[in-house]
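A short write-up of the structure that comes next.
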Amino acid sequence: MPAYSGKAQPYLDAIAASVFASQAVRDWLIRGTLAEADFTESSVLIDEQRAVRWSTKETKQPFWANYWCGRDSRCTCRIEGSKGLESDAIFFFRNSLDRILAVHVEFKHPNEAFSFGQPEAYPLRAACFATTYNTRPTLNPHHEWTTVILCGTEALSDPRLANFQRVITHREADRVIDGYPRKT
Numbered sequence: 012m013p014a015y016s017g018k019a020q021p022y023l024d025a026i027a028a029s030v031f032a033s034q035a036v037r038d039w040l041i042r043g044t045l046a047e048a049d050f051t052e053s054s055v056l057i058d059e060q061r062a063v064r065w066s067t068k069e070t071k072q073p074f075w076a077n078y079w080c081g082r083d084s085r086c087t088c089r090i091e092g093s094k095g096l097e098s099d100a101i102f103f104f105r106n107s108l109d110r111i112l113a114v115h116v117e118f119k120h121p122n123e124a125f126s127f128g129q130p131e132a133y134p135l136r137a138a139c140f141a142t143t144y145n146t147r148p149t150l151n152p153h154h155e156w157t158t159v160i161l162c163g164t165e166a167l168s169d170p171r172l173a174n175f176q177r178v179i180t181h182r183e184a185d186r187v188i189d190g191y192p193r194k195t
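Residue 21 in the numbering used here sits at position 10 of the sequence shown, and the numbers go up by one each step.
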């Protein structure tokens, strides 16, 4: 059985391909978030993100995937004691005013439970990254952030989803994202 990221990677790959190829998907991804008004019709920073992320070496995962806070106790971008250390994907959008938005994306399989502090850590990490990117050599500079989760419909009753500005079900993603693997 493949490791977790191997099982999630086909979904994340489809999300990334659609975000990079489609203005409509980018606008849909941030619909209903605090960033929607300022970042609708934004461009996506594909080449800039790749150049920054791979400035020292190419990562095993795609350049937009698996942004880690850090595993040591000095990481201030997480809930103490939690394992919520990583954003599954981050996409950077630039608006007409030259402001940059980091879109932090979490992916959950149907019926997959959150680990301790995981949903609460997403906005904390996103806000922290927006103020500490200058100390993180593989993270693009950005001014604002938003958080998005893709999950099954059974998760919709979990109050911790309030930590994400945008909640997208797999059913909705399947209708919008080209090549999104079907969830059963």
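Backbone N, C-alpha and C fix where the C-beta goes; we use that ideal spot for every residue, glycine too.
Check whether residue i and residue j have beta carbons under 8 Å apart
i           : j           : result
residue 161 : residue 179 : yes
residue 153 : residue 74  : no
residue 123 : residue 141 : no
residue 33  : residue 106 : no
residue 66  : residue 170 : no
residue 163 : residue 28  : no
residue 125 : residue 19  : no
Cβ distance (whole Å) where residue i is taken to contact residue j below 8 Å
i           : j           : result
residue 63  : residue 37  : Incorrect: roughly 19 Å between the Cβ atoms, too far for contact.
residue 50  : residue 41  : 6 Å
residue 129 : residue 45  : That pair is no contact at about 21 Å.
residue 188 : residue 100 : 13 Å between Cβ atoms; not a contact.
residue 72  : residue 151 : That belief does not hold up - the Cβ atoms of residue 72 and residue 151 are roughly 16 Å apart, past 8 Å.
residue 115 : residue 144 : Actually they are not in contact, since the Cβ atoms of residue 115 and residue 144 sit about 13 Å apart, beyond 8 Å.
Closest by C-alpha distance to residue i, when choosing among the options
i           : options          : result
residue 181 : 120, 147, 98     : 120
residue 136 : 191, 98, 66, 148 : 98
residue 138 : 183, 65, 113     : 113
residue 174 : 158, 57, 43      : 158
residue 108 : 69, 185, 48      : 48
residue 57  : 165, 185, 111    : 111
Run of the alpha helix (DSSP H) containing residue i, from where it starts to where it stops
i           : result
residue 135 : 129-143
residue 47  : 47-50
residue 109 : Premise fails: residue 109 is in no alpha helix (DSSP H) and is neither H nor E.
residue 39  : 34-40
residue 188 : Run containing residue 188: none; DSSP gives neither H nor E here.
residue 165 : Neither: residue 165 is in no alpha helix (DSSP H) and is coded neither H nor E.
residue 173 : First-last for residue 173: undefined, no H or E at that position.
residue 64  : 57-64
Span of the beta strand (DSSP E), counted from its first residue to its last, around residue i
i           : result
residue 156 : 155-162
residue 101 : 97-105
residue 179 : 177-180
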